[in-house]
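Written below as structure tokens is the structure these notes are about.
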Amino acid sequence: MDWYLKAMKSYATFQGRSTRSEYWYFMLFFTLMIVLPFVIAGFLGVGENGQMIMFTIAGIALLVHIIPSIAISVRRLHDIGKSGWWYFISFIPYVGSIAIMIMAMIDSKDDNEYGVNPKA
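FYI, in our numbering the residues of the sequence shown are 463 to 582.
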């Protein structure tokens with residue numbers, strides 16, 4: 463949970479670096495906040511009004527987390543020595559999101575132009 467809170471505190475900070483664990487834990491909580499309302503609605507068998515409420519909750523969670531998710535992705539790219547502009551590759555259907563996911567798995571580089579290694 464600390465990784466998630468750390469990412470939310472640096473809500474719109476596009477400078478610096480983020481570790482793999484910070485990135486992946488944030489993305490895990492982000493995904494759970496989007497998916498969980500629909501899973502709960504499915505288990506409870508709520509009607510159309512309940513589904514609309516769950517959809518609204520997921521939509522609000524998405525809106526709240528869109529800028530932090532972009533910021534942490536850019537910081538993660540900085541951590542491996544790539545420019546934040548590489549984030550725009552994610553707009554290429556299928557291939558772009560896979561490329562970002564692969565780059566997010568790469569281990570941190572030593573100190574680079576974007577700052578000192580956050581693990582050090």
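Every residue gets a Cβ at the ideal spot worked out from N, C-alpha and C, and that includes glycine.
Original post:
What number of angstroms, rounded off, separates the C-alpha of VAL578 from the C-alpha of ARG479?
Top reply: As a working mapping, residue 578 is identified with position 116 in the sequence shown. As a working mapping, residue 479 is identified with position 17 in the sequence shown. Take the alpha-carbon of VAL578 and the one of ARG479: they are about 8 angstroms apart.
Subject >> Terminal residues of the alpha helix (DSSP H) in which MET514 lies >> reply: Your numbering for residue 514 matches position 52 in the sequence shown. Where MET514 is concerned, the enclosing alpha helix (DSSP H) stretches over 510-541.
**OP:** Taking VAL578 as part of the alpha helix (DSSP H), name the residues at either end of that continuous run.
**Re:** Here the question's residue 578 lines up with position 116 in the sequence shown. Premise fails: VAL578 is in no alpha helix (DSSP H) and is neither H nor E.
Subject >> With 16 other Cβ atoms within 10 Å as the buried cut-off, status of VAL536 >> reply: Translated into the one-based positions of the sequence shown, residue 536 becomes position 74. Buried is the label assigned to VAL536, since at least 16 other Cβ atoms lie within 10 Å of its Cβ.
**OP:** Pick out whichever of ILE502, PRO555, SER545 has its Cα sitting closest to the Cα of PHE476.
**Re:** By 1-based counting over the sequence shown, the position of residue 476 is 14. Nearest C-alpha to PHE476: SER545.
Original post:
Going by other Cβ atoms of all chains shown within 10 Å of its Cβ, with 16 needed for buried, is LEU467 buried or exposed?
Top reply: Residue mapping note: residue 467 aligns to position 5 of the sequence shown, counting from 1. Looking at its Cβ environment, which holds fewer than 16 other Cβ atoms inside 10 Å, LEU467 is exposed.
**OP:** Pick helix, strand or coil for ARG482, following the three-state DSSP scheme.
**Re:** Residue 482 sits at position 20 when you count from the first residue of the sequence shown. Here ARG482 sits in helix by DSSP.
Original post:
Which of helix, strand or coil does DSSP assign to ILE502?
Top reply: The residue given as residue 502 occupies position 40 in the sequence shown. In the structure shown, ILE502 adopts helical secondary structure according to DSSP, grouped into three states.
Subject >> THR481 versus ALA561 - alpha carbon distance >> reply: Residue numbering aside, residue 481 sits at position 19 when the sequence shown is read from its first letter. Residue numbering aside, residue 561 sits at position 99 when the sequence shown is read from its first letter. Using only the alpha carbons, I get a separation of about 18 angstroms.
Original post:
Do the segment 482-491 and the segment 521-536 meet, that is, are 3 or more Cβ pairs less than 8 angstroms apart?
Top reply: The segment 482-491 vs the segment 521-536: in contact.
Original post:
Assuming ILE542 contacts ILE568 under a Cβ cut-off of 8 angstroms, what Cβ separation, rounded to an integer in Å, is found between them?
Top reply: Residue 542 sits at position 80 when you count from the first residue of the sequence shown. Residue 568 sits at position 106 when you count from the first residue of the sequence shown. About 5 angstroms; that satisfies the 8 angstroms criterion.
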